[in-house]
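The structure under discussion appears below in the form of structure tokens.
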Amino acid sequence: MYPILSQILDSGIQDWDTLEARIISLPTEQKRGEGFEEFCHAFFTLHKDLYQAQNVWRGSDIPQHILQKLGTPTFQDRGIDGLLQHHDGTMTAYQAKFRSNRSDTPSQRELSTFYMISDRADFRLVISNVEDLPTIAKDRKDHGQILVNTFLELDPVFFDALWGYVCTQQPLFEPPPCPKPFQIEAIDAITQGLREHTRGQAILACGAGKTLIGKWVADRLGSQWILVLVPSLALVRQTLGEWHRANTQPFRYICICSDPTVDVLQEEDNWGIQTSELDVKVSTSAADLLTFSSQSPSVPHVVFATYHSGPVIVEALKDPNLQNFQFDLVICDEAHRIAGPLQGSFSHILDNTLIRAQKRLFMTATPRILTPKTSREETLEQPEICSMDDPFRFGPVLFRFPFGRAIQEGVICDYRIVVIGVTEAEIAQLVREGGIVQLEDAERWKAEHLAKQIALAKAITTYGIKKVFSFHNRVLAAAQFVDTHRPESFPSVLKKIDSNLNYLAGHISGEMPIGIRSKIMRQFSLSPLGVIANARCLGEGVNVPLVDGIFFADPRQSVVDIVQATGRALRRAPGKKDAAIIIPVLVQEEEDAEHILESSNFNTVWQVLSAMASQDDRLSATIANTRIKQGKGEFPVLGQKDEVLRQPFVDCQTILMGFPKHIPFSDYQQAFTLEVMEKVGERWHLRFGALQEYMRQWGGGEPSTESEYEGFKIGRWLQAQKKAYRKGLLPSDRTELLDSLGLQWESDLDDEERWEEYLNACKEFLETEGHLPSAGEEFCIDEPIATGCFRPVHGPILGPILAGGKSLKIGNWLTHQRRFYKQGKLLPDRVRKIEEVLGKIWEPQKVHWDKKFAAYKDYVEKTGKQPQKKTKHQGLAIGYWVTNTVRPRKEKLTAEWVKRFDDLGFEWNLRKVNNKIKVNTINKVNNKKQSEEQLLDYQKKSKLTAEWVKRLDKPDLWSLFIKQKSMGNDIYNPTKNHSATKSSDPIVASSAEIEWDLFYSFCKAYLFNYHKLPSSEVIFADKAIGSWLEKQVKDWKAGLLSPNHSKRMKDLHEMAALDFPKRGPTRND
């Protein structure tokens, strides 16, 4: 079957280079061609599952009926060297081209006959040992290639199987990989989590094998229809290969992308690849996906696709024939790419109405957490943000395998952040002695640019770093960094510093053909020493375990970019120990240590430290502990104690070297530590350290509210932490730190009688209000409201509470019960009692929904209309909630919830809602005419002057005026409150006066209710009284208020200083 191959092949061949040399040694070109054709047939036969081939034929063995389908009744050796018949009946024709010189690219004329004869095949492949193909091959539709880069990646396992198959017809394949212990733990946790949730996240460090874990999870769940999404076509092919390698049963697949030429934005300089550079067919057609999805899944069916291809998938699923189709599992690798504006490029992936799936798994090493603006107004108007800490869209974190644990368990390498200082004197000396002076007149190389080359050279020569990826902000800068023709390039500088070092230097960009990139990377892998410069294309998905250094030549702003780039150096490899993250810094010799480290040249250092601390709990703990020691008055240092100019690395995570010698190294370390604490550390830990030291000095006693220590107001700070704790806002790690001090969080909540009292109060609140209390809500029992108080239609009680009133903080109490329940600390008997009285209240999200629905229902029943988008009621943004949360989630709501909204006349169709808004706008115009007529009539009756009509010509103020007069309520009538008013008009106050009185009254009511004045962000009874009061106080102190307003401001602040009795029942506004 393989007469030539069987003669040149033996068990000693373990790589392509050796086999290629054997083929080249054959006596004639014809023999070499036939030998390569035999290899190609064996290659496809051994990879039948990968290429979904049911049959593999050499050209002369193709059956007659297949030739007729191809339009070639009889076989002639005119170009088709072989054919793959796939399980779905489609066919791939291939032509084999062998060259003794890999750079000898086949000509367009050589390939044209093959393309003409095989034009009826569904897909065509050119398989050759060359590095690249002519343009004609890349421009053709439904074309792929297998070039020498593929053969060079074949491992000894393949050649053992090849030898066994050619010689004995019994290929010997290595069994598929088995999960490692931590991967088994991950699979168990993820599969269990996905049985309980429809969505979930798996956060695993770079190099932990996320791709295989996703495959094993799909197998464990028994998923038949699977969608695997990755950022690029290169990762589509890589993921397909990994799934095939780990496969224990056959599966069918289709590869989908959105564009026939590129898979990612080229300006990102990713490891881009064209569809014609792959060896499998990649479809851009929704029709192809429709056909694939219509098959009967006797075996698992997998769709491998890029994130950009989402619209193709969405279009296919719109077909009526697939109206009941849904994926069993969607796996999103590098899922941080999805986070961002909800209406962004990848939002369809999260929408189950567009891409239907039972389960979704989001996998990444770097979860992207986004914080929207906090202003109330901005929050309503800004685009909705999709952040990975949103459990509704991404689900809970089902498994976490952080960098620290991965390093401790030996899954990935440890690392050191090496900060290399380069002085201007060093640069001047190199320029002077090294001959780096012949620069073009139009270009003067800046000192900071040359400092980068010197810094990397110093790191390499000091620590023996062998293989480095250098990251730059621009592709051109990366190319110039390693250009041997430039006297200031890295190879030239390294030669001047150490002439004995011979480093391979090259650069890679996404614009290069895949064959050229693979050649450069192979040379880099085989070279004992090497540097590859790039902008972004080596930052994600590239696996070169031998890399032991990452060099950030330019600043990086993105945490994801920094961590992904660093991950390239953390892969395990034989003989490899720790990896280095190298950061160059240009320093001035005449400056002291503090000024050197405050320079903007250190920005990259703080960015990298911050990024790594966000992922490595060891580094974050080190920084936090150092910050705590600072708060205690100690002066710890980060990094090594003395400047170390030799290998191996010292036992610390940050290393400083190369700084001016006239300053003691201890000064650098102290200044460095202070800057890290300010730039990366958190002030919370500083204050905790002060509190810890205070309590130690005072025998463990808690500080009073006014206590201070070393300038820190630790008493007030501690009360703020307890307040955050009661509201459930204090993170668990901070709670544990404060717990370690033996703080008293609650006074008497453990008392059974007291506990029952709170439970009964919650029950009464639920029966009265129709929903459970939230954090901050209180309940007054047995005492009536004082005479003269009033409760508005909505909002809290306005007015003082009678002395002796008893108030229970039931909202906070309920929050604590949930926390104790989750921690397993709530007694079973109490769990039973709570569930009997209040129901299963352990899911706070449901409580929030109940509360917002109650406010929504109250608004609809009292106003008789549906809320607009910006409507607020009872202090809740119910309009924004029903518009952005309820309406888009109709398909996910239970029938009971849908009915509850339907019963209140909620309109689910957004188009109908918009039409109603248009109708209401027209009605408002008509109503305005009626209001104007009413105003004129009132003017005649009350003899209002034109001046006062003009002052009242504001919708809100005029409505308020009419309402108060109709009710006979003179609470805002300045004639009864202002002695300074001298007008005899029925309305003696201007519109501004009425508005001032209104806000002042609400501030006073807020004071009676909450025993304090409102802070700047408070909104009370739908009025921004906090910001109003802030401005009045400022004007008061500046002497800008009228005497009457000044006196009332003074009275208000004197009342705020009084000791108030306990307040009664309130409702959170």
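Letter 778 of the sequence shown, counting from 1, is numbered 1444 in the working numbering, and no numbers are missing. All residues carry an ideal CB built from backbone N, CA and C; glycine is no exception.
Proximity of residue i and residue j at Cβ, strictly below 9 Å
i	j	result
A1740	V1229	Given a span of 667 to 1735 for the chain in the structure shown, any question on residue 1740 remains unanswerable.
K702	K763	Reading the sequence as shown, one finds Phe at residue 702 and not Lys. Taking 9 Å as the Cβ cut-off, F702 and K763 qualify as a contacting pair.
I1021	L893	yes
H1002	G976	no
S1191	L1212	yes
F1736	V823	It is not possible to answer for residue 1736, since the shown part of the chain is limited to 667 through 1735.
V1181	N815	The displayed chain sequence assigns Gly, not Val, to residue 1181. Yes, Cβ-Cβ distance for G1181 and N815 is below 9 Å.
M757	V1084	no
W1411	Y1424	no
Cα-Cα separation, residue i to residue j
i	j	result
K697	Q761	16 Å
A1386	E1573	43 Å
E1720	F1445	27 Å
D754	P842	26 Å
W1563	L988	28 Å
S672	Q835	11 Å
I812	Q720	20 Å
A1279	L1285	5 Å
P1554	V1548	9 Å
S726	G859	54 Å
L1008	I997	19 Å
L1718	P1221	53 Å
W1479	K1531	35 Å
D650	R1026	Look at the range of the chain in this structure, 667 to 1735, and you will see that residue 650 is not part of it.
E1075	L995	30 Å
D798	L818	14 Å
L722	Y668	The displayed chain sequence assigns Val, not Leu, to residue 722. Spanning the two alpha carbons is a distance of roughly 14 Å.
G1070	L1396	24 Å
F1668	L1576	36 Å
I679	Y1169	30 Å
V1459	K1528	Because the pLDDT of V1459 is 27, which lies under 50, any placement of that residue in the model is unreliable, and the number read from its coordinates should be weighed accordingly. Distance between the alpha carbons of V1459 and K1528: 9 Å.
Cβ-based neighbour list, residue i, same chain, cut-off 7 Å, excluding 5 preceding and 5 following
i	result
H863	G1061 and P1062
V1342	L1275, I1289 and L1304
K1295	P1302 and G1355
R1059	L1016 and C1052
L1236	C872, G873, I1078, C1079, Y1081 and A1245
E1502	none
V832	Y668, L671, S672, L675 and A708
Residue of the options minimising C-alpha distance to residue i
i	options	result
F825	F1668, A1121 and I674	I674
A1239	E1257, D1214 and D1258	D1214
D1524	E1509, G1545 and I1507	G1545
E704	L749, R1392, T771 and R806	L749
A1658	E1419, G1477 and S1708	S1708
G1006	S959, T972 and D1056	D1056
V1141	D1080, A1091, G1087 and C1203	C1203
C706	S794, R1066 and I1073	S794
P1433	E1255, D805, G1505 and L1679	For the sequence presented, residue 1433 should be read as Glu rather than Pro. With distances taken between Cα atoms, E1433 lies closest to G1505.
K876	A1723, E1257 and K846	K846
Q1146	T1537, H1173, N1269 and V965	H1173
Bridge partner(s) assigned by DSSP for residue i
i	result
A868	M1029 and F1065
V1208	Beta-bridge pairing links V1208 to no other residue.
T1089	V1253
W891	H967
R790	A759 and H809
Cβ shell of residue i (< 6 Å), same chain only, five flanking positions each side left out
i	result
W829	L675 and S677
F1217	L1122, V1134, S1136 and I1248
H967	W891 and R918
W909	K881
E1557	T1019
F780	G745 and Q761
8 Å CB neighbourhood of residue i in its chain, flanking five on each side removed
i	result
R1382	T1371 and E1372
E1348	A1290 and R1293
R806	Y781, R790 and S942
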